[in-house]
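So the mapping is simple: my numbering equals the position in the sequence shown, first residue as 1, plus 3. A virtual CB, placed ideally from N, CA and C, is assigned to each residue, including glycine.
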Amino acid sequence: MEKIAKLKKIVKNIYNNLLVRRRIKRKKRINRSRSGNIVIFLFLLIFSVFSAYPLIFIIANAFKPLHELFIFPPKLFPSDPTFKNFSDLLNLIGSTWVPMSRYIFNTIFITFVGTVGHVLIASMCAYPLAKHRFMGKTLIFTLIIYSLMFSGAVTSTPVFMIMSWLGLIDTHFAVIIPAFAFPLGLYLMKQFMETIPNSLLEAAKIDGAHEFKIFWNVVMPLSKPAWLTLVILLFQSLWGTSGGGYIFSEQLKTLSYALGQIVSGGIARAGTAAAVSVVMLIVPITIFIISQSKIIDTMSHSGMK
Numbered sequence: 004m005e006k007i008a009k010l011k012k013i014v015k016n017i018y019n020n021l022l023v024r025r026r027i028k029r030k031k032r033i034n035r036s037r038s039g040n041i042v043i044f045l046f047l048l049i050f051s052v053f054s055a056y057p058l059i060f061i062i063a064n065a066f067k068p069l070h071e072l073f074i075f076p077p078k079l080f081p082s083d084p085t086f087k088n089f090s091d092l093l094n095l096i097g098s099t100w101v102p103m104s105r106y107i108f109n110t111i112f113i114t115f116v117g118t119v120g121h122v123l124i125a126s127m128c129a130y131p132l133a134k135h136r137f138m139g140k141t142l143i144f145t146l147i148i149y150s151l152m153f154s155g156a157v158t159s160t161p162v163f164m165i166m167s168w169l170g171l172i173d174t175h176f177a178v179i180i181p182a183f184a185f186p187l188g189l190y191l192m193k194q195f196m197e198t199i200p201n202s203l204l205e206a207a208k209i210d211g212a213h214e215f216k217i218f219w220n221v222v223m224p225l226s227k228p229a230w231l232t233l234v235i236l237l238f239q240s241l242w243g244t245s246g247g248g249y250i251f252s253e254q255l256k257t258l259s260y261a262l263g264q265i266v267s268g269g270i271a272r273a274g275t276a277a278a279v280s281v282v283m284l285i286v287p288i289t290i291f292i293i294s295q296s297k298i299i300d301t302m303s304h305s306g307m308k
């Protein structure tokens, strides 16, 4: 009799659980109406088309013959696709008096040093702001938020004066050092590090780890999505830089500047200009596609979703 009573009790519990699950499913079905899903799907579809259209148009232009580039209204896809624009670009690259490998080296050097330096500096600055208490912490973070409102055009003159005082004009570091002070990166790192539980840091302290060891072995691995996002943002910014008014020597110029000079030949080089746009887009887009999930994860943790 006791076994039968137990079996009845078990069957009753399973039945109650099934009822609860059915109620939850019904509620979900009520919240996700079919018409609502269709509206959301259509909105996302339209938004996706508007977002993807410029990218598709740029890529398609690179494969259009010269006469198709000036058709009005412009066509999205080429009627007679060709690789001539890319072959013309290769011929022009081979005719420059400074080897193209020099421009590529300059761009990779600026991008690599600027990105790695910013990630390290932003992480080390964000750690005490997120996990320590000290006088002036709120004021410093407020200043960082205010600095997000200033565009690069506003700060270009003060940056030029500082680089001139330091004697760094016409060197790669005139572009690299300002990149270290990217306020958005510091903001993202600070917001992400605040989500790391303090109990982990306290456990590391109990095990005898000092501050730098905690930062390097505990905080940095857990902050991987955030600093990967910084890598993407800085890489895109530095990869497309031309050196502006900071670098004057031709041997120190970047790939973006060299390609810009190639395509400044007017209408005759319109096809080559389209091929240059694709070449400059390939590397940043590839890196973004590889790590896009990390960027979305960071944005959701930083309150920027």
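The alpha helix (DSSP H) with Glu-253 in it runs from where to where? The sequence position of residue 253 within the sequence shown is 250, counting from 1. First-last for Glu-253: undefined, no H or E at that position.
Just reading off the alpha helix (DSSP H) that Val-178 is part of, what are its end residues? Taking the first residue of the sequence shown as 1, we reach residue 178 at position 175. Val-178 -> alpha helix (DSSP H) spans 176-183.
Determine, using beta-carbon pairs with one atom in the stretch 218-227 and one in the stretch 90-107, whether at least three such pairs fall under 8 Å. no
To the nearest whole angstrom, what separates the beta carbons of Ala-65 and Val-281, a pair I think is in contact under 8 Å? By 1-based counting over the sequence shown, the position of residue 65 is 62. By 1-based counting over the sequence shown, the position of residue 281 is 278. At roughly 4 Å, the Cβ-Cβ gap stays under 8 Å, so Ala-65 and Val-281 are in contact.
Rounding to the nearest angstrom, what Cα-Cα distance links Glu-253 and Val-157 in this structure? Within the sequence shown, the letter at position 250 stands for residue 253. Within the sequence shown, the letter at position 154 stands for residue 157. If I take the Cα positions, the gap works out to 27 Å.
What residues in its chain sit with their C-beta under 7 Å from that of Val-52, if we drop five residues either side in the sequence? Here residue 52 corresponds to residue number 49 of the sequence shown, with the count starting at 1. Nothing listed; no residue qualifies.
Output the boundary residues of the alpha helix (DSSP H) element that contains Phe-60. The residue you call residue 60 lines up with position 57 of the sequence shown. Unbroken alpha helix (DSSP H) run through Phe-60: 37-64.
What are the boundary residues of the alpha helix (DSSP H) that Arg-136 is part of? Start at 1 with the first residue of the sequence shown, and residue 136 comes out as number 133. Counting along the chain, Arg-136 falls outside any alpha helix (DSSP H), and DSSP gives it neither H nor E.
Can you tell me the Cα-Cα spacing of Ser-259 and Thr-160, whole angstroms? If you number the sequence shown from 1, residue 259 lands on position 256. If you number the sequence shown from 1, residue 160 lands on position 157. Each residue's alpha carbon lies about 22 Å from the other.
For the alpha helix (DSSP H) containing Leu-79, name the first residue and the last one. Here the question's residue 79 lines up with position 76 in the sequence shown. Neither: Leu-79 is in no alpha helix (DSSP H) and is coded neither H nor E.
Once DSSP output is grouped into helix, strand and coil, what is the label at Tyr-190? The residue you call residue 190 lines up with position 187 of the sequence shown. In this structure, Tyr-190 counts as helix in the three-state DSSP scheme.
Are the CB atoms of Gly-97 and Leu-241 nearer to each other than 7 Å? Counting from 1 along the sequence shown, the entry for residue 97 is found at position 94. Counting from 1 along the sequence shown, the entry for residue 241 is found at position 238. Taking 7 Å as the Cβ cut-off, Gly-97 and Leu-241 do not qualify as a contacting pair.
For Leu-95, collect the residues of the same chain with a Cβ closer than 7 Å to its Cβ; drop the 5 residues on either side in sequence, then sort them by chain order. The residue given as residue 95 occupies position 92 in the sequence shown. So the qualifying residues of the chain are Ile-265, Thr-275.
Quick check on the DSSP output: the alpha helix (DSSP H) that includes Asp-91 runs from which residue to which? Residue mapping note: residue 91 aligns to position 88 of the sequence shown, counting from 1. Start and end: 87-97.
Three-state class that DSSP yields for Ile-199 in the structure shown: Start at 1 with the first residue of the sequence shown, and residue 199 comes out as number 196. It is coil, neither helix nor strand.
Once DSSP output is grouped into helix, strand and coil, what is the label at Met-152? As a first step, residue 152 must be located in the sequence shown, where it is residue number 149. Coil.
Which residues bound the alpha helix (DSSP H) around Ile-74? Taking the sequence shown and counting its residues from 1, one reaches residue 74 at position 71. Ile-74 -> no alpha helix (DSSP H), and no H or E assigned at all.
Is the beta carbon of Ala-184 less than 7 Å from the beta carbon of Met-166? Position 181 of the sequence shown holds residue 184. Position 163 of the sequence shown holds residue 166. Taking 7 Å as the Cβ cut-off, Ala-184 and Met-166 do not qualify as a contacting pair.
Can Leu-225 and Ala-125 be called in contact, C-beta distance under 7 Å? Start at 1 with the first residue of the sequence shown, and residue 225 comes out as number 222. Start at 1 with the first residue of the sequence shown, and residue 125 comes out as number 122. The answer is no: Cβ separation not under 7 Å.
Does the separation of the CB atoms of Ser-150 and Pro-186 fall below 7 Å? Here residue 150 refers to the residue found at position 147 when the sequence shown is read from its first residue. Here residue 186 refers to the residue found at position 183 when the sequence shown is read from its first residue. Yes, Cβ-Cβ distance for Ser-150 and Pro-186 is below 7 Å.
Note down, in chain order, each residue of its chain lying with its Cβ closer than 7 Å to the Cβ of Arg-105, except the 5 sequence neighbours on either side. Locating residue 105 in the sequence shown gives position 102, where the first residue counts as 1. So the qualifying residues of the chain are Gln-254.
Collapsed DSSP secondary structure at Ser-104 in the structure displayed: In the sequence shown, residue 104 corresponds to position 101, counting from 1. Here Ser-104 sits in helix by DSSP.
So, Trp-230 versus Val-122, is the Cβ gap smaller than 7 Å? In the sequence shown, the residue the question calls residue 230 occupies position 227. In the sequence shown, the residue the question calls residue 122 occupies position 119. Cβ atoms of Trp-230 and Val-122: closer than 7 Å.
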